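Reviewing the structure listed below.
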Amino acid sequence: MKNRVVIIGGGTAGWLTAGIIAARHCSKNSSAPSSMQETEVILVESPDVKNLGVGEGTWPTMRDTLRQIGLSERVFLSCCDASFKQASKFVGWSHGQNEHYYHPFTAPSGYGAVNMADHWSASDKDIEFERWVCAQGAICDKNLAPKLPQMPEYAFSLNYGYHLNAGKFVKILHQHCVEELGVKYIQGHVEQVLSAENGDISEIVLTDGEHIAGDLFIDCSGFAAILIGKHYQIPFKSKRGVLFNDTALALQVDHVSDDTPIASCTVATAQKNGWIWDISLQNRRGIGHVFSSDFTSVERAEEALFKYVKNDPLLVSQQLTPRTIKFDPGHRETFWHKNCIAIGVSAGFVEPLEATALVLIEKSAEWISQQLPRDRAAMSVLAKRFNALTLQRWQEIIDFLKLHYILSNRTDSEYWRAHQQADSIPESLQDALTLWRTQAPGLYETNQRFELFSSASKQYVLYGMGFNTEQKHQAQIFQKEAAMIKRFRNETLHTTEKLLSALPTNREFLRRVLKK
Ligand SMILES: Cc1cc2nc3c(=O)[nH]c(=O)nc-3n(C[C@H](O)[C@H](O)[C@H](O)COP(=O)(O)OP(=O)(O)OC[C@H]3O[C@@H](n4cnc5c(N)ncnc54)[C@H](O)[C@@H]3O)c2cc1C
């Protein structure tokens, strides 16, 4: 008997999950005939419900995911109008003017050997933290690529993820999963869910009457959450009291010419009642305003968005009609119930800041693929572990995103003032802040092996936002580490200089590699 994994939903979550599981457990090109393969992956997609079609910024984890499922990077870049993401650039978050800082994907030099942030905090801080420890911000300033064209696929000089066209990404994943990995695709709308005696899902029934049986059902049905929400009624935990944004206006705007520079980072520009994302692809930019409807109206948010676009001479001026997406920021109470697992938006979504959704999909699918239950008894144990880990990850995401808001000095609107209110700040984050007032985040920050945000990420945001860590009783340690600090500082200076002169711009890189 085959182990049958049935995935509901053909958005990014569904196809990434299908690809990650199939790449490990089945393959169309494997030496075993398909009838002999032990695991079968089926993906069911409704012809009537569109997928989200947003979600265009990824983490560096996506490189591993694409490599692991066997997709060529050149094909991916070409088919998805994709480019490289090396950092997030935060504009106006601290004071509401044009000031900015980077959260780069490359860790500080010396990371793991010495805590550079402690030393920087004790210095006279005449250079910004990120420039003191990392070359990547300087590279982003010049719109440079993270690698040389002659480097192998997925290799890099500086760590990177991608900016991609979400609609095209789904198409290429679909094609690759079906043609190369042996995923079976069924188009059909799930109308009914049938249960076994133990409460497991035994079959799903499509509108045309087809029954599909399975051992494990993965709910990737987006906001519809047809298995985890509608069928099992697993409660949703709203986090609106912590992260206030609940509406997004999304636009796609063309570059003014084929030579327009392609940015190396996602730009997040703070607004009075939210922020605007700006993601640069080969041919266009994805720009959107995410905001809280408790503090402003769609009309006023639209005004801010149009102003942002109009003020940018590198964008074509055109008639713009944004798409409105409403969401309740939060997540399910549990994610794996009986023989059903929720991945993607069906499990939760808080907001696009720091692009945490796709990485959580990749990590969840990877965990499941590694731990695919061998029998029903094992499934219950795995479910407990998956639920504990995923809950921890949501808490980590929520704390890290909230950190961006509470470090702000902005008081120009009720939105920013409300973010500072103590009752909106999770206790875990308040504890961390207490610690960070006298010691920089370091390797001992967490006991988790699978943390999402390293202490490096926390350092970049804290010190980028002007947070002060007061160093006490450290003079002796600092003295002992002085030679090491000097070496790592020189390393950063040298790398920055070398890469600034060697790396091509994103545009040049893509032209050469894709021969466009
Ligand atoms: C404004 C915004 C910006 C974002 N930006 C980012 C970003 O930069 N980076 C990032 O990592 N994430 C981002 N995200 C999140 C990201 O878009 C999602 O995590 C991602 O698109 C995954 O969505 P999904 O596959 O879970 O759901 P969807 O894309 O909604 O797919 C749901 C699928 O389920 C199917 N379905 C629904 N009902 C049924 C049924 N009854 N029967 C059969 N099939 C059914 C649909 O047909 C569809 O195929 C953003 C989200 C928003 C809202």
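So the numbering used here is basically just the index in the sequence shown, starting at one, shifted up by 131.
For glycine and all other residues, C-beta sits at the position ideal for the given N, C-alpha and C.
Bear in mind the structure is a predicted one, so any value in this text is a computation, not a measurement.
Which residue wins for smallest C-alpha separation from Trp-190, given the options Leu-295, Ala-519, Ile-529 and Thr-565? Taking Trp-190 as reference, the option from Leu-295, Ala-519, Ile-529 and Thr-565 with the minimal CA-CA separation is Leu-295.
| In this structure, does DSSP put Leu-374 in helix, strand or coil? | Note: Leu-374 maps to coil in three-state DSSP.
### Task
Spell out a yes or no on whether the region 422-433 and the region 315-328 are touching, meaning 3 or more CB-CB pairs, one atom from each, closer than 8 Å.
Between the region 422-433 and the region 315-328 there are fewer than three inter-stretch CB-CB distances shorter than 8 Å, so the stretches are not counted as touching.
Q. Just curious, the alpha helix (DSSP H) that Thr-143 is in, first and last residue?
A. Element bounds for Thr-143: 143-156.
Exercise. Ser-333 to Gln-383, Cα distance in whole Å?
Worked result: About 42 Å.
Is it right to say Arg-575 is buried, meaning 16 or more other beta carbons lie within 10 angstroms of its own, or is it exposed?
Per the sequence shown, residue 575 should be read as Tyr rather than Arg. When all chains shown are included, Tyr-575 counts as exposed.
Subject >> Given Asp-350 as reference, the closest of Gly-340, His-342, Lys-361 and Glu-284 once Cα atoms are compared >> reply: The residue with the shortest Cα to Cα distance from Asp-350 is Lys-361.
**OP:** With a cut-off of 8 Å on the beta carbons, I'd call Ala-266 and Leu-412 a contact; round off their distance for me.
**Re:** Contact flag wrong, Cβ pair sits at about 24 Å.
request  = Round the Cβ separation of Val-421 and Asn-376 to the nearest angstrom and send it over; I've been treating them as touching at under 8 Å.
outcome  = Taking the Cβ atoms as the reference, Val-421 lies roughly 5 Å from Asn-376, within the contact range of under 8 Å.
Quick check: is any heavy atom of ligand 1 less than 7 Å from the C-beta of Ala-144? Because some heavy atom of ligand 1 lies under 7 Å away, the Cβ of Ala-144 counts as near it: yes.
Spatial distance of Pro-178 from Leu-337 (CA atoms):
Cα to Cα, the separation comes out at about 11 Å.
task: Report the residue ranges of all alpha helix (DSSP H) runs contained in full by the region 273-350; include only those spanning at least 4 residues, in chain order.
output: Taken in chain order, the whole alpha helix (DSSP H) runs of length 4 or more contained in the region 273-350 are 297-310.
Tell me the rounded alpha-carbon separation between Gln-318 and Gly-140. A direct Cα-Cα distance of roughly 10 Å separates Gln-318 from Gly-140.
Q | heavy atom of ligand 1 below 7 Å from Asn-274 C-beta | A | Result no, Cβ not under 7 Å from ligand 1.
**Prompt:** Quick one, are the C-beta atoms of Ile-359 and Ser-477 less than 8 Å apart?
**Reply:** Contact flag set, yes.
Counted within 10 angstroms of its Cβ, other Cβ atoms place Asp-390 as buried (16 or more) or exposed: Exposed.
- [ ] Grab the span of the alpha helix (DSSP H) containing Tyr-594 for me, first residue to last.
- [x] Tyr-594 -> alpha helix (DSSP H) spans 586-595.
Original post:
In the DSSP assignment, what are the bridge partners of Ile-173?
Top reply: Answer is Val-137 and Lys-315, bridged to Ile-173.
Problem set entry | Minimum C-alpha distance to Ser-539 - residue among Gly-461, Ala-401 and Leu-208 | Taking the Cα of Ser-539 as reference, the smallest distance to any Cα among Gly-461, Ala-401 and Leu-208 is reached at Ala-401.
With DSSP collapsed to three states, give me the class of Ser-632. Reduced to three states, the DSSP call for Ser-632 is helix.
Sequence ranges, alpha helix (DSSP H) only - wholly within the region 414-494, length at least 4 = If you keep only unbroken alpha helix (DSSP H) runs of at least 4 residues inside the region 414-494, you get 429-441.
What does DSSP give as the partner residue(s) for Gly-405 in the beta ladder? Note: Gly-405 sits in a beta bridge opposite Gln-402 and Phe-422.
**Message:** At a cut-off of 7 Å, would you count Ser-388 as near ligand 1, judging by its Cβ distance to the nearest heavy atom?
**Reply:** Remark: the shortest separation between the CB of Ser-388 and any heavy atom of ligand 1 does not fall under 7 Å.
Problem - Rounded separation between Arg-416 and Gln-450 - CA only - result: Taking C-alpha positions only, Arg-416 is separated from Gln-450 by approximately 15 Å.
Worksheet item: Which value, in whole angstroms, describes the spacing of the CA atoms of Phe-300 and Thr-143?
Response: Spanning the alpha carbons of Phe-300 and Thr-143 requires a straight line of approximately 8 Å.
Inset, instruction - State the beta-bridge partners of Leu-380 as determined by DSSP. - result: When beta bridges are read from the DSSP output, Leu-380 appears opposite His-420 and Thr-455.
Beta-ladder partner(s) of His-231, from DSSP
Answer is Val-222.
query: Hey, is the region 239-256 in contact with the region 280-288, meaning 3+ C-beta pairs nearer than 8 Å?
result: At 8 Å Cβ cutoff, the stretches do not touch.
I'd like the span of the alpha helix (DSSP H) that includes Phe-531, first residue to last. Here the alpha helix (DSSP H) through Phe-531 covers 507-537.
Gln-570 beta carbon less than 8 Å from that of Leu-249: Checking the displayed sequence, the identity of residue 249 turns out to be Asp instead of Leu. Between Asp-249 and Gln-570, the C-beta gap is smaller than 8 Å, which places the two residues in contact.
Applying the 10 Å Cβ sphere with the 16-neighbour rule, what's the burial state of Asn-442? Here Asn-442 is exposed, its C-beta having fewer than 16 other C-beta atoms within 10 Å.
**Prompt:** Can you tell me whether Val-387 is buried or exposed, with buried defined as 16 or more other CB within 10 angstroms of its CB?
**Reply:** With fewer than 16 other Cβ atoms within 10 Å, it is exposed.
Euclidean distance between Cα positions of Leu-645 and Asp-195
Taken atom to atom, the span from the alpha-carbon of Leu-645 to that of Asp-195 is near 21 Å.
- Item | Ala-394 vs Trp-408 beta-carbon contact at 8 Å | The answer is no: Cβ separation not under 8 Å.
Within a Cβ cutoff of 6 Å, which residues of the same chain sit near Tyr-232, ignoring the five residues on either side of it in sequence?
Taken in chain order, the residues that qualify are Phe-221 and Gly-595.
- Check Asp-554 in the structure and name its three-state DSSP category. Reduced to three states, the DSSP call for Asp-554 is helix.
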